[in-house]
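Report on the structure given below.
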């Protein structure tokens with residue numbers, strides 16, 4: 700657990716140090732003194748989709764792992780497990796699609 704925490708802190712500090720030059724830009728250098736209206740919306744939308752896709756990918760891998768373990772422990776329940784895993788994967792994928800729809804509505808709405 701200690702190595703993972705150190706890795707997360709180091710990667711976080713690296714990302715923060717790479718973002719520092721963005722805040723050093725003066726007023727005159729940023730497109731006539733003001734940032735475009737939708738600039739932050741586009742940036743946060745990209746991060747939202749990345750987080751949603753990563754979360755859904757992780758959830759799907761955990762669901763499939765549990766389904767494979769369930770089938771290996773009780774092969775007679777394969778059909779029931781298959782129905783529930785398809786239903787669960789559809790709900791998990793819906794979360795990523797819902798995030799995409801919200802991002803599109805925010806950008807073009």
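Numbering (this note's numbering), first residue to last: 700 to 808. In this text, a Cβ means the ideal position worked out from N, Cα and C, and glycines have one as well.
With a 10 Å radius around its C-beta and 16 neighbouring C-beta atoms as the bar for buried, classify residue i as buried or exposed.
{"i": "residue 753", "result": "exposed"}
{"i": "residue 676", "result": "A query on residue 676 cannot be resolved here, the shown segment of the chain reaching from 700 to 808 and no further."}
{"i": "residue 718", "result": "exposed"}
Of all the options the options, which has the alpha carbon lying nearest to the alpha carbon of residue i?
{"i": "residue 655", "options": "701, 705, 771, 742", "result": "With the chain covering 700 to 808 only, the question about residue 655 has no answer from this structure."}
{"i": "residue 761", "options": "716, 803, 784", "result": "784"}
{"i": "residue 750", "options": "701, 798, 803", "result": "798"}
Within its chain, find whatever has a CB closer than 6 Å to the CB of residue i; leave out the 5 residues flanking it on each side and keep chain order.
{"i": "residue 766", "result": "780, 784"}
I'd like to confirm something about residue i: is its beta-carbon nearer than 7 Å to some heavy atom of the ligand COA, or not?
{"i": "residue 760", "result": "Annotation note on the ligand COA: not contained in the displayed structure, which lists no ligands."}
Spatial neighbours of residue i within its chain, please: C-beta separation below 7 Å, excluding the five flanking residues on both sides.
{"i": "residue 796", "result": "none"}
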